[in-house]
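To start, the structure itself, in structure tokens.
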Amino acid sequence: MFLVFTGVLAHTHLNYRSGYVIALALPYLFSLSRVSELNAAGSRVAASIRMLPYIQFIFFILVFTYVASCAFFPTINFDDNSLHRLIGSELRFYRQVQFNFSSQKWAVAPFAVDLIHGCVTFVAGRDARGATNIMLLALSSWMVWRLLRLVRVPRGPRLLLSAVTISSPIVLMLVTSQQVELFAICLAAATGSLILRLRRAPWSDVLIAAVGVCALALACKITMVILLGALFVPYVMLRTDWKANFFDVRPNAKWVIALGVSAIFVAFHSYIFSYIKTGNPVFPLYNGIFKSPFLPLENYVDGRYANRRTLVDFFRMFWWTSNFFESRDGVSGFQFVFEVPVAIVLAAFDKRRRTLFLMFLAAVLYCVVMFYAIQYYRYMAPAIPLSTAILAALFSSEKSSDTLIVRLRYISATLLLGTVAIFNLIASPNAAWYMADGWLQLFSRGKKHSFLVENNPELILNEKLSLSGDGKEKILFDPDHPVFSTLWGSVYSQSSYMPILADRMAATKSPLELTDLLRRLGVTTIYWDLSRIYEDSGSYTAKLGPIVSEYGFPVMQVGQTIAYKFMPSPIKRKLITDFYPPTLSEFNRGVRVPQSKAGLMVSSKNSAVANVSVGNAKWVTYKVDFQCASHNEIFVAQVNWQDASPYYRLVQCTGREQNFTENVLVRNTTGLADVYLSTRGSEGALVKRVRMYEIEEAQ
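Heads up: the sequence shown runs through residues 1033 to 1731, numbered per this note's numbering.
Here is the structure:
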């Protein structure tokens, strides 16, 4: 019902924090009329907890706490910052979800999970991904617990198996992001437990839950259809008398209608809306079939993960995971490598083998079909809780544990599961490119800020511009860093998220044509990444670089990214210093650099340096004329400010004379700096002239 409520409001301007607080509080208010039942349920839960084996319980709590702590990791994932956080930002800035598929082609894709995150973020007034993901992790653990209980796994092994499930490196990565697969894991475990409940409960008892889970699965992601289809196989085989129970159902007609309408709305809301807006219900997928005019008439396929469809490749995924995901190798989960093969053999002699194999069959069917469609490991995550069921065979199904063999088997399985869980946690930081060594130290505000400055400075720029602006900013983002989901304003980028605009920008032949296009778009600000290697020809920087140097007024800098105000006319400059033969000899301070009448010959071994004073200038233009010995060289443009972080830029050489120009902020108070000239290679470059200008303040 919450998704029905928020799904309707998302299309209106009636999104106020107070309304969402009331909506979130309604279930708790209704529960006040059933206090006695809640107290009884609480007593049962407390009694169940007291019956849990102490060591296994502590082990599970430690694993859960470790994984849950990752939810406090900074939101650094590109998909999060270009898509998943959009709804929360739009509710905050516009009080309505924009669903602007022209600036983000995935904006009308199934958005139920993003809507949940966005609404909680809207109520909290800040990014609430951490709190939401901890809740989803706890819910997933509980669903796995219920699934294993229905497989008749004792409490101790149940805790260990639950710990192994959430210790999978992919789960830890999902907790650090806003990807929908964490929600999908919860739904997969819930669906599996509902199927097993049908063996014991009347069909009507699980009707509401089953319909709700199926609706949520469809609203989560279109690929969940594959999971529901895979789970339909064990459902049919475990419930041969479903027709008799179905016709015995005598539910209240009003509740059936309410449930049916709500489920249909939740399941198909995003698909119907996408069809109305774009003509393609699964936009931007399968556009070769639905032929939306807003995309090329071809089926979208990520070519990086669509060329390995053999059975050998499927097994390679568990070892060489980096070929199937943005991670390092060996992060697929050690339980699939060491424990599942043993469990399959033991399950053949287990009394529960029919149930165990059917749950495992559903996981295998899902993985095979999904892997054939696209060989991307994250999409296999919903199969993890279903695969856990087969691991129950590691423990004896005998009720008595008096025999020595049963005891040894129990101890061996416990040690194996505990060891695998620990290995999983050790490997977990390798599951994402942004989880560097020492990531557990990123809990203080200062260290989080430093981490964002280094990896996603655009997030900080977005926040500053959003707070100081009125929502009218039109910003051009770097195509490699389109992290615009937290911005209050319009966004443009030559990235795959905006294919039509990307094609228009790529079609421009010169900086002049690109300038004209940016003027027509009304771009007011340009984000310029200094960490990108500057290229003079055949690249993004080749066309945009001259525009930024001529019209870009540096407003603010975070890390290696500068926000430039796109001026209507060329910026005005005043010469501060000019080094050219013979004054280039001033760069011979400290180290003797080869010099001729043409200039200085610098290289990685012979770098030149000179002192420069820019006085009270706040913004300067750095210009250098040089010619590299070959196109394999990389020229280093560097200005070390006396009491601030340096300006550092790598320029790709072309083998001919080059004129590099860039506008930068003066980031110190003394105005003193050391200008370095060098290259990355040994062949070197001939530096002919170095100039620095003061930029006049923009009006």
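Just so it is clear, CB atoms sit at the ideal spot from N, CA and C, and this is done for glycine as well. Just so it is clear, the structure is predicted and the values come from calculations on it, not from any experiment.
Per-residue burial, residue i [other beta carbons within 10 Å of its own, 16 or more giving buried]
i            : result
residue 1460 : buried
residue 1078 : exposed
residue 1112 : buried
residue 1198 : buried
residue 1451 : exposed
residue 1637 : exposed
residue 1573 : buried
residue 1059 : exposed
residue 1651 : buried
residue 1266 : buried
residue 1687 : exposed
residue 1732 : The displayed coordinates of the chain run from 1033 to 1731. Any statement about residue 1732 would go beyond what the structure contains.
residue 1725 : buried
CB of residue i within 8 Å of CB of residue j, strictly
i            : j            : result
residue 1382 : residue 1338 : no
residue 1061 : residue 1155 : no
residue 1225 : residue 1190 : no
residue 1745 : residue 1566 : Since the displayed the chain opens at 1033 and closes at 1731, residue 1745 lies outside it and no answer follows.
residue 1365 : residue 1217 : no
residue 1194 : residue 1092 : yes
residue 1367 : residue 1196 : yes
residue 1587 : residue 1485 : no
residue 1576 : residue 1546 : yes
residue 1605 : residue 1406 : no
residue 1115 : residue 1136 : yes
residue 1578 : residue 1543 : yes
residue 1598 : residue 1557 : yes
residue 1035 : residue 1241 : no
residue 1699 : residue 1676 : yes
residue 1463 : residue 1372 : no
residue 1335 : residue 1329 : no
Other residues of its chain near residue i: CB distance less than 6 Å, five sequence neighbours each side excluded
i            : result
residue 1164 : 1149 and 1152
residue 1105 : 1208
residue 1494 : 1518 and 1519
residue 1322 : 1312
residue 1723 : 1610 and 1655
residue 1445 : 1426 and 1427
residue 1139 : 1131, 1132 and 1133
residue 1326 : 1310
residue 1262 : 1394, 1397 and 1398
residue 1703 : 1645, 1646 and 1647
residue 1715 : 1661, 1662 and 1665
residue 1401 : 1258
Close-in-space but distant-in-sequence residues of the same chain around residue i (CB under 7 Å, 5 per side omitted)
i            : result
residue 1513 : 1490 and 1561
residue 1361 : 1351, 1352, 1353 and 1354
residue 1379 : 1385, 1388, 1389, 1422 and 1425
residue 1503 : 1125, 1520 and 1521
residue 1375 : 1422, 1423, 1425 and 1426
residue 1037 : 1055
Closest residue to residue i among the options (Cα-Cα distance)
i            : options                   : result
residue 1603 : 1695, 1664 and 1548       : 1695
residue 1720 : 1220, 1479 and 1640       : 1640
residue 1710 : 1477, 1407, 1700 and 1667 : 1667
residue 1215 : 1192, 1336, 1167 and 1243 : 1167
residue 1492 : 1593, 1650, 1467 and 1414 : 1593
residue 1525 : 1375, 1549, 1544 and 1247 : 1549
residue 1083 : 1068, 1187 and 1288       : 1187
residue 1393 : 1408, 1417, 1496 and 1370 : 1417
residue 1170 : 1141, 1219 and 1157       : 1219
residue 1146 : 1119, 1080 and 1158       : 1119
residue 1705 : 1410, 1646 and 1443       : 1646
residue 1403 : 1454, 1371, 1342 and 1455 : 1342
residue 1098 : 1075, 1259, 1357 and 1458 : 1458
residue 1642 : 1289, 1707 and 1255       : 1707
Residues near residue i in its chain [Cβ-Cβ closer than 8 Å; skip 5 each side]
i            : result
residue 1048 : 1127
residue 1051 : 1041
residue 1033 : 1294
residue 1063 : 1070
- Item | 3-residue-minimum beta strand (DSSP E) runs that sit fully inside the region 1620–1701, ordered along the chain | 1632–1634, 1640–1645, 1651–1660, 1666–1673, 1679–1684 and 1689–1697
- Counting only runs that start and end within the region 1434–1484, where is the beta strand (DSSP E) found for 3 or more residues in a row? none
- Message: What ranges does the alpha helix (DSSP H) occupy inside the region 1360–1391, keeping only unbroken runs of at least 4 residues that lie completely in it?
- Response: Every alpha helix (DSSP H) stretch that sits fully inside the region 1360–1391 and reaches 4 residues is listed by chain position as 1372–1379.
- Return the chain-ordered ranges of every beta strand (DSSP E) run that is complete within the region 1541–1616 and spans a minimum of 3 residues. 1557–1561, 1584–1590, 1593–1598 and 1605–1611
- Message: Which runs of the beta strand (DSSP E) at least 3 residues long sit entirely within the region 1505–1533? Give them in chain order.
- Response: 1506–1509 and 1522–1525
- Whole runs of the alpha helix (DSSP H) within the region 1148–1229, excluding any shorter than 4 residues: 1161–1182, 1187–1198, 1201–1207 and 1213–1229
- Message: Which runs of the alpha helix (DSSP H) at least 4 residues long sit entirely within the region 1065–1124? Give them in chain order.
- Response: Counting only runs of 4 or more, we get 1067–1082 and 1086–1101.
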